[in-house]
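A quick write-up on the structure given underneath.
There are 2 protein chains.
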Amino acid sequence: MRTIKLTIEYDGTLYHGWQVQPGLVTIQGVVQDCLARILGHPVYVQGAGRTDAGVHAIGQTAHFRCESKHSSAVIMRALNALLPDDIVIRQAEDVHPSFHAQFDAKEKEYRYYLLCQPERSAFFRRYALFVPTPLDLDQMRNALARIVGTHDFFSFSTAGDERENTVRTITSADIGQEGHLVAITVRGEGFLHKMVRRIVGTLLEVGRGRMVADQITQILQARDKRLAGPSAPPHGLFLMSVRY
Amino acid sequence: MRTIKLTIEYDGTLYHGWQVQPGLVTIQGVVQDCLARILGHPVYVQGAGRTDAGVHAIGQTAHFRCESKHSSAVIMRALNALLPDDIVIRQAEDVHPSFHAQFDAKEKEYRYYLLCQPERSAFFRRYALFVPTPLDLDQMRNALARIVGTHDFFSFSTAGDERENTVRTITSADIGQEGHLVAITVRGEGFLHKMVRRIVGTLLEVGRGRMVADQITQILQARDKRLAGPSAPPHGLFLMSVRY
Numbered sequence: 000m001r002t003i004k005l006t007i008e009y010d011g012t013l014y015h016g017w018q019v020q021p022g023l024v025t026i027q028g029v030v031q032d033c034l035a036r037i038l039g040h041p042v043y044v045q046g047a048g049r050t051d052a053g054v055h056a057i058g059q060t061a062h063f064r065c066e067s068k069h070s071s072a073v074i075m076r077a078l079n080a081l082l083p084d085d086i087v088i089r090q091a092e093d094v095h096p097s098f099h100a101q102f103d104a105k106e107k108e109y110r111y112y113l114l115c116q117p118e119r120s121a122f123f124r125r126y127a128l129f130v131p132t133p134l135d136l137d138q139m140r141n142a143l144a145r146i147v148g149t150h151d152f153f154s155f156s157t158a159g160d161e162r163e164n165t166v167r168t169i170t171s172a173d174i175g176q177e178g179h180l181v182a183i184t185v186r187g188e189g190f191l192h193k194m195v196r197r198i199v200g201t202l203l204e205v206g207r208g209r210m211v212a213d214q215i216t217q218i219l220q221a222r223d224k225r226l227a228g229p230s231a232p233p234h235g236l237f238l239m240s241v242r243y
Numbered sequence: 000m001r002t003i004k005l006t007i008e009y010d011g012t013l014y015h016g017w018q019v020q021p022g023l024v025t026i027q028g029v030v031q032d033c034l035a036r037i038l039g040h041p042v043y044v045q046g047a048g049r050t051d052a053g054v055h056a057i058g059q060t061a062h063f064r065c066e067s068k069h070s071s072a073v074i075m076r077a078l079n080a081l082l083p084d085d086i087v088i089r090q091a092e093d094v095h096p097s098f099h100a101q102f103d104a105k106e107k108e109y110r111y112y113l114l115c116q117p118e119r120s121a122f123f124r125r126y127a128l129f130v131p132t133p134l135d136l137d138q139m140r141n142a143l144a145r146i147v148g149t150h151d152f153f154s155f156s157t158a159g160d161e162r163e164n165t166v167r168t169i170t171s172a173d174i175g176q177e178g179h180l181v182a183i184t185v186r187g188e189g190f191l192h193k194m195v196r197r198i199v200g201t202l203l204e205v206g207r208g209r210m211v212a213d214q215i216t217q218i219l220q221a222r223d224k225r226l227a228g229p230s231a232p233p234h235g236l237f238l239m240s241v242r243y
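Just so you know, the protein sequences line up as chains P and S, in that order.
Here the first sequence stands for residues 0 to 243, numbered as in numbering that gives the first Met the number 0.
Here the second sequence stands for residues 0 to 243, numbered as in numbering that gives the first Met the number 0.
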């Protein structure tokens, strides 16, 4: 039995997220269907993590197990020939048979793009949140610095149960700018559902002057989901890479 | 009577080009329909030039005449509120009443993007031609330099009549590279229908070693449309700007 690791790029616009759901088109579902056609049997493709509907990936990773005699390069070429043009396998490689895309992941990098200009853009509409009002990036950087480290992110979660473990470690985070595009990059060992989008939504409140950077620490400590900003829309978010 | 000049950005993917055609959705048609709703009467929007189906624009320009009492800024905001998200007015300004977007244009800049990497991309699929085979960019630059200047571009045209004036002046041209993206930029006083795409198609033949740069001069001189390369597909082409 072989284990093959995939690195997958996708434009999430038309998909109901990564995870298979009955009656809905998902990235995992489409990749599994194409792989099954190549291998001649059903196959489960385990992703490093789920991405929500509309979220994109430059470097989602996944693994599957098979007994195929084809090289990983041949399987990758066959997959890319079958996959729709908004999903691409960027790499396929044989890894240790026990490799697990989710459990072995050491760090994930997410990036959220903001398009900061007075008029919307015909080209970034699907890949960046349009923000026509000025943002105070310095204050946003101050706020972002406060989430780096190990914290209880309950306030930034969608957790339904207070006893759920919502402690996570953010290893680094920064805000870059190139022209009108602002990129908020967050790296961490693990993330709660919608956590990055709620962090971005909260940073936007800070950038617009509706919150101050200091409040981030208070929001973390309060363990109150009503205090953090709203969840930023999915289309600005990219899963950039997963490190093992 | 006022004349208002528009600078328009559009993702051409879903449109049958700029020009109004019965029964088809076109950029000109959509802009005219939205403007008519704002002004309360039909209006003709004259573009600097037509773009073909699937071709994009960062800076198409156009003009229309009206007697509205609204400022150009108000008209622009109203237009952007009505237009679909793949068409954006980037600028609207009052110009001299005799201004004509087509006849007064001094120079246009077109850019064609190639994505040069082994695997296709989920994000550039609509905005760059995917070229998985290596290209000799130096030879392509040599070839491109030969079209700069005033030449009879009959061989690179779709002209049906040999007596048509197919002499045009290319003022400058270059090939840039950033990461896996190669940008072929061509500036000229005027272009024949599909001329940029046939130039790019011919450059690709040179880049792949199927033609040598010297042949460009021979193709120009031969006035034979069969000698130039095929027309490159529309989705890599952008009308970048029009200078007046």
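Ideal placement from N, C-alpha and C gives every residue a C-beta, glycine not left out.
No experiment lies behind these values; they were computed from the predicted model shown.
Item                                                                                                                                                                                        : Value
Kindly indicate if chain C contains any beta-carbon less than 8 Å away from that of residue 121 of chain P.                                                                                 : Among the protein chains of the structure shown, namely P and S, there is no chain C.
According to DSSP, what are the bridge partners of residue 64 of chain P?                                                                                                                   : P:2
Name the residue from P:33, P:3, P:48 and P:5 whose alpha carbon lies nearest to the alpha carbon of residue 17 of chain P.                                                                 : P:48
Please give the ranges of any alpha helix (DSSP H) in the segment 157-223 of chain P, keeping only runs that are unbroken, at least 4 residues long and fully inside the region.            : 194-206 and 213-221
For the ligand ZN, is there any heavy atom lying closer than 7 Å to the beta carbon of residue 100 of chain P?                                                                              : Of ligands this structure carries none, so the ligand ZN is not represented either.
Ends of the beta strand (DSSP E) at residue 240 of chain S?                                                                                                                                 : 236-242
So for residue 149 of chain S, helix, strand or coil by DSSP?                                                                                                                               : strand
Determine the closest residue to residue 124 of chain P out of S:9, S:72 and S:132, with distance taken between C-alpha atoms.                                                              : S:9
Should the segment 71-79 of chain P be called in touch with the segment 196-209 of chain P, which here means at least 3 C-beta pairs below 8 Å?                                             : no
If we define contact as Cβ-Cβ less than 8 Å, is residue 164 of chain S a contact residue for chain P?                                                                                       : no
Note down, in chain order, every chain S residue with its Cβ under 7 Å from the Cβ of residue 9 of chain P.                                                                                 : 121
Can you give me, in chain order, the residues of the segment 183-209 of chain P that have a beta carbon less than 7 Å from any beta carbon in chain S?                                      : none
Could you name the residues of chain S that residue 118 of chain P contacts, counting a contact when the two beta carbons are closer than 7 Å?                                              : 79, 87 and 89
Check the Cβ-Cβ distances between residue 124 of chain S and every residue of chain P, and say whether any is below 8 Å.                                                                    : yes
Compare the C-beta of residue 84 of chain S with all C-beta atoms of chain P and state if any pair is closer than 8 Å.                                                                      : yes
Of all the options P:67, P:122, P:26 and P:89, which has the alpha carbon lying nearest to the alpha carbon of residue 240 of chain P?                                                      : P:89
Smallest Cα separation from residue 287 of chain S: which of S:135, S:82 and S:62?                                                                                                          : Lying outside 0 to 243, the shown extent of chain S, residue 287 of chain S is not represented and no answer is given.
Is residue 162 of chain P buried or exposed, if buried means 16 or more other CB atoms sit within 10 Å of its CB?                                                                           : exposed
Could you give the DSSP three-state label for residue 73 of chain S: helix, strand or coil?                                                                                                 : helix
Contact defined as beta carbons within less than 8 Å: I believe residue 33 of chain P pairs with residue 113 of chain P. What is the distance between those atoms, to the nearest angstrom? : Not confirmed; about 34 Å, so no contact.
Near residue 134 of chain P, what residues of its chain come up, given a Cβ to Cβ distance below 8 Å and the 5 sequence neighbours on each side ignored?                                    : 113, 115, 181, 203, 206 and 207
In or out: residue 87 of chain P buried (at least 16 other Cβ within 10 Å) or exposed?                                                                                                      : buried
Which of the three DSSP states is assigned to residue 27 of chain P in this structure?                                                                                                      : helix
Tell me whether the beta-carbon of residue 233 of chain S lies closer than 8 Å to the beta-carbon of residue 46 of chain S.                                                                 : no
For residue 188 of chain P and residue 37 of chain P, what's the separation of their Cα atoms in angstroms?                                                                                 : 34 Å
Just to check my reading of the structure: residue 226 of chain P and residue 154 of chain P have Cβ atoms closer than 8 Å, yes? What is that Cβ distance to the nearest angstrom?          : 6 Å
From residue 104 of chain S to residue 242 of chain S, what distance separates their C-alpha atoms?                                                                                         : 6 Å
For residue 108 of chain P, which of P:138, P:117, P:57 and P:3 has the nearest alpha-carbon?                                                                                               : P:57
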